[in-house]
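The structure appears right after this line, and notes come after that.
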Amino acid sequence: MTARIQMPKQATRGQVVEIRIAIQHPMETGFRRDDGGREIPKNVINKLICRYNGVEVFRAEMGSGVAANPYLDFFVVADASGELVFDWVDDNGMTGSERAPIVVTG
Amino acid sequence: MTPRILAGLFLAAWLGAMFPNAAAQQAVRPQPLKSGIEFAGAEVRALQQDDFANPGMLWVARGEKLWREPAGTESQSCASCHGDAKASMAGVATRYPLLDPGATRLVNLEGRIMQCREQRQHAAPLKYESEELLALTAYVRHQSRGMPVKVVIDGQSRSHFEAGRDLYYRRMGQMNLSCAQCHQQNWGKKLGPEIISQGHGNAYPIYRLEWQTVGSLHRRFRSCLSGVRAEMLPQGVPEFLDLELYLAWRSGDLPIETPGVRR
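Going line by line, the protein sequences match chains E and Y. Here our numbering is used: the first residue of the first sequence is 5, the next is one more, and so on. Here our numbering is used: the first residue of the second sequence is 7, the next is one more, and so on.
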């Protein structure tokens, strides 16, 4: 699973920074059928957690209403240097992880 | 004159009267040239322009990883020979599809990547429309973003160009429609809720919202064949390569947009 994170590399303490993540995933709804008429089982990223230096700052619980290749955008307050770690899991139990560092000054 | 020769003459005259342009259709570009993105709505345009939100960039990112990943018996990666794609691949995609010296069929960018993988890396072949091939194609073509396509139509490739042009103007399928009837003669008008585009290939591989994934130009050709209810052709056949060459010429100085986003 390819994922891309976009966020500032540096911030001043107390600054509100925008975090964007996009993950390549088919997000199968479970409502579709293949060419042979067989049901394609539901497979979506059902949980995504973002931890900032170990502390959970964002969580998304997604279902079949979310389009393929989900893109999430949220804000955190930069309070210490360190890194943001994203972990997610889909209905098939496939897990993914991606991390990005941030340097906080002031 | 025998009756048979007479009948032949009549048939020839009748054919000439019925299909005056059947032998040689003029290769013309639409005027003014408009990229498909100009026919898209504001949301789709915004999605393509934002290099982060553009879902096609996920395939470009995957392609960048694959570029450096060793494969095959020699453990060679694309980068082992070509180095940094940002420098070595800039402008390369603008020349495709092209004819190798002595070859009888065109090779497009997908074909070149598959060829390189099999003959140079000695790796397992990539399938047309596989995630890996789409990612590598998107990554390589992305290095030529903003540059116009400049294919060579010379003595050798002219016959392919003409075959592509003839296919473009050939009516086909149960709907009895040619490519030209929608994309040359009626672009800008409505087909159901859609505005018909000029049908250029400059943004491929594209992320199509209907597909929810990235697809090749040949996948798009197949969608159109299905739309006019014509006989389906597999990706990578010579007919599609000829058509790709004609479309590359036809898109004139429109810049490459890879990865494009379309509805």
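Positions of the beta carbon are idealized from the N, C-alpha and C atoms, including for glycine. Here the structure is a predicted model, which means the values were calculated and not measured.
Per DSSP, the bridge partner or partners of residue i
| i | result |
| --- | --- |
| E/V107 | E/Q14 |
| E/D77 | E/R24 |
| Y/P261 | Y/P154 |
| Y/V34 | None; Y/V34 has no bridge partner. |
| Y/K196 | Y/I201 |
| Y/M178 | Y/L183 |
| Y/L104 | Y/V113 |
| E/G47 | According to the sequence as given, residue 47 of chain E is Asn; it is not Gly. Looking at the DSSP assignment, E/N47 forms a beta bridge with E/E32. |
| E/R8 | E/A26 |
| E/R63 | E/I53 |
Simplified DSSP state of residue i, which is helix, strand or coil
| i | result |
| --- | --- |
| Y/P154 | strand |
| Y/T110 | coil |
| Y/T221 | Reading off the sequence shown, one finds Gly at residue 221 of chain Y, where the question assumed Thr. Y/G221 falls in the strand class under three-state DSSP. |
| Y/I202 | coil |
| Y/A141 | helix |
| E/G34 | coil |
| Y/R171 | helix |
| E/S101 | strand |
| E/W92 | strand |
| E/A82 | coil |
| Y/V267 | strand |
Between the CA atoms of residue j and residue i - distance to the nearest angstrom
| i | j | result |
| --- | --- | --- |
| E/D83 | E/E102 | 21 Å |
| E/P30 | Y/D160 | 43 Å |
| Y/H224 | Y/P211 | 9 Å |
| Y/W193 | Y/G207 | 15 Å |
| Y/D172 | Y/L183 | 13 Å |
| Y/A129 | Y/T79 | 6 Å |
| Y/A169 | Y/R126 | 31 Å |
| Y/S222 | Y/E135 | 7 Å |
| E/E87 | Y/G108 | 55 Å |
| Y/I119 | E/V20 | 44 Å |
| Y/D90 | E/K13 | 24 Å |
| E/G110 | E/D94 | 39 Å |
| Y/F45 | Y/I201 | 7 Å |
| Y/R268 | Y/K40 | 14 Å |
| Y/Q31 | Y/P199 | 30 Å |
| E/V107 | E/M11 | 11 Å |
| E/A15 | E/A104 | 13 Å |
| E/R17 | E/I23 | 16 Å |
| Y/G4 | Y/R147 | Given that chain Y is displayed from residue 7 to residue 269, the structure contains no residue 4 of chain Y and the question cannot be resolved. |
| Y/W65 | E/T6 | 8 Å |
| Y/D106 | Y/L112 | 7 Å |
| Y/C84 | Y/R51 | 32 Å |
| Y/R123 | Y/L249 | 25 Å |
| Y/E245 | E/D91 | 46 Å |
| E/A64 | Y/N60 | 21 Å |
| Y/R256 | E/K51 | 47 Å |
| Y/E138 | E/I9 | 21 Å |
Any non-hydrogen atom of the ligand MN closer than 6 Å to residue i Cβ
| i | result |
| --- | --- |
| Y/S232 | Although the ligand MN was asked about, the structure shown includes no ligands whatsoever. |
Are at least three pairs of beta-carbons, each pair with one atom in the stretch 29 to 47 of chain E and one in the stretch 171 to 181 of chain Y, less than 8 Å apart? Verdict: no, contact absent.
In the stretch 38 to 90 of chain Y, which residue ranges form an unbroken beta strand (DSSP E) of at least 3 residues, counting only runs that do not cross its ends? List check, beta strand (DSSP E) in window: nothing returned.
Is the stretch 52 to 65 of chain Y touching the stretch 194 to 205 of chain Y in the sense that three or more CB pairs, one from each, lie closer than 8 Å? No, the stretch 194 to 205 of chain Y is not in contact with the stretch 52 to 65 of chain Y.
List in chain order: all unbroken alpha helix (DSSP H) runs of 4+ residues lying wholly within the stretch 113 to 138 of chain Y. Runs of alpha helix (DSSP H) with 4 or more residues, each lying fully within the stretch 113 to 138 of chain Y, are found at 115 to 121, listed in chain order.
Between the stretch 86 to 104 of chain Y and the stretch 57 to 65 of chain E, do at least 3 Cβ pairs fall closer than 8 Å? With a cut-off of 8 Å, the stretch 57 to 65 of chain E and the stretch 86 to 104 of chain Y do not count as touching, because too few Cβ pairs lie within range.
Counting only runs of 4+ residues fully inside the stretch 210 to 256 of chain Y, write out the alpha helix (DSSP H) ranges in chain order. As far as the stretch 210 to 256 of chain Y is concerned, its whole alpha helix (DSSP H) runs of at least 4 residues are 223 to 233 and 244 to 256.
Contact the stretch 213 to 223 of chain Y vs the stretch 150 to 167 of chain Y: 3+ CB pairs below 8 Å: No: the two stretches stay apart, fewer than three of their Cβ pairs being nearer than 8 Å.
Under 8 Å: do the stretch 56 to 76 of chain Y and the stretch 135 to 147 of chain Y share three or more Cβ pairs, one atom per stretch? The answer is yes - the stretch 135 to 147 of chain Y touches the stretch 56 to 76 of chain Y, with three or more Cβ pairs under 8 Å.
If you pair each beta-carbon of the stretch 250 to 268 of chain Y with each one of the stretch 235 to 242 of chain Y, do three or more pairs fall below 8 Å? With the cut-off at 8 Å, the stretch 250 to 268 of chain Y and the stretch 235 to 242 of chain Y do not touch.
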